[in-house]
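The structure appears right after this line, and notes come after that.
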């Protein structure tokens, strides 16, 4: 069984939009994150000042990791500049635990790993907690993860965009097909512009048609509920009442509701022979 043309076009639109989203994500620069955890430990088992010194001095880690000397060493390891690296470093202090988690983002897992190791080494060498305590690495091997592109998120976004695009194309094609069927029922075989009422270029497009028609323009509301919109549209179009040509150029304002398709066909079927339909506006 042959699939309807609207469905085929909807599937093609969905595939193209989904592929475009995935391609856009793939073209973005990759970002990896390296993480290391520092733990404050007392220098001596009976260090009475350990807790006080740790709570007071540990917040200084946040400032230390962005000092020029630390940024210079870490930026060389990350293959970037100190200014860019300053925005890529994060420090998380776990309250009342003496734990500091340091993370650095870079363009590759190797750069991120080397950079976070350099930052952690600088913090340890600074000996901020002396003489009561010192920082040590919980695990000397940095943990690295890929931050972007996030392919799970990208795939989800691509699927959502594809579904929206496919449904929109199918709905639009069926809507335009309904109009074409109404035109055929009314015996109109020449090309007619079908435009949506929310088209930002609607007035300019209709104006160009009016100029090309070189005859007075009539905006025809297909149903009583569309009279006000038809009058607004008529006021926005150029006054062609003095044109010498016989008959009128008709712009029909119809409902986009499929159930009202017969209203359009009926209104067009009773147009005078001298009238020429140039456009249908779906409001």
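In the numbering used here, the protein residues as written are -13 to 269. Ideal Cβ positions, reconstructed from N, Cα and C, are used throughout, including at glycine. Since the structure is predicted, the reported quantities are computational estimates derived from the model, not experimental observations.
{"Query": "Residues sharing a beta bridge with residue 132, DSSP", "Result": "18"}
{"Query": "Cβ-Cβ distance between residue 239 and residue 267 below 7 Å", "Result": "yes"}
{"Query": "Where residue 89 sits in the DSSP three-state scheme", "Result": "strand"}
{"Query": "Whole-angstrom distance between residue 145 and residue 167, CA atom to CA atom", "Result": "32 Å"}
{"Query": "Secondary structure of residue 66, DSSP reduced to three states", "Result": "coil"}
{"Query": "Local conformation of residue 238 per DSSP, three classes", "Result": "strand"}
{"Query": "Cβ-based burial, residue 91 [other Cβ within 10 Å; buried from 16]", "Result": "buried"}
{"Query": "Helix, strand or coil at residue 174 [DSSP, three-state]", "Result": "coil"}
{"Query": "Opening and closing residue of the beta strand (DSSP E) in which residue 191 lies", "Result": "Per DSSP, residue 191 belongs to no beta strand (DSSP E); it is in the alpha helix (DSSP H), 188 to 199."}
{"Query": "DSSP-derived helix/strand/coil call for residue 166", "Result": "helix"}
{"Query": "Contact between the stretch -4 to 5 and the stretch 51 to 60 (3+ Cβ pairs under 8 Å)", "Result": "no"}
{"Query": "Cβ contact check for the stretch 180 to 189 and the stretch 36 to 46: 3 or more pairs under 8 Å", "Result": "no"}
{"Query": "Rounded straight-line distance, which links the Cα of residue -7 to that of residue -13", "Result": "Note on residue -13: pLDDT 45, under 50, position unreliable in the model; the coordinate value appears next. The alpha-carbon atoms of residue -13 and residue -7 are separated by roughly 13 Å."}
{"Query": "Residue 127 in three-state terms, based on DSSP", "Result": "coil"}
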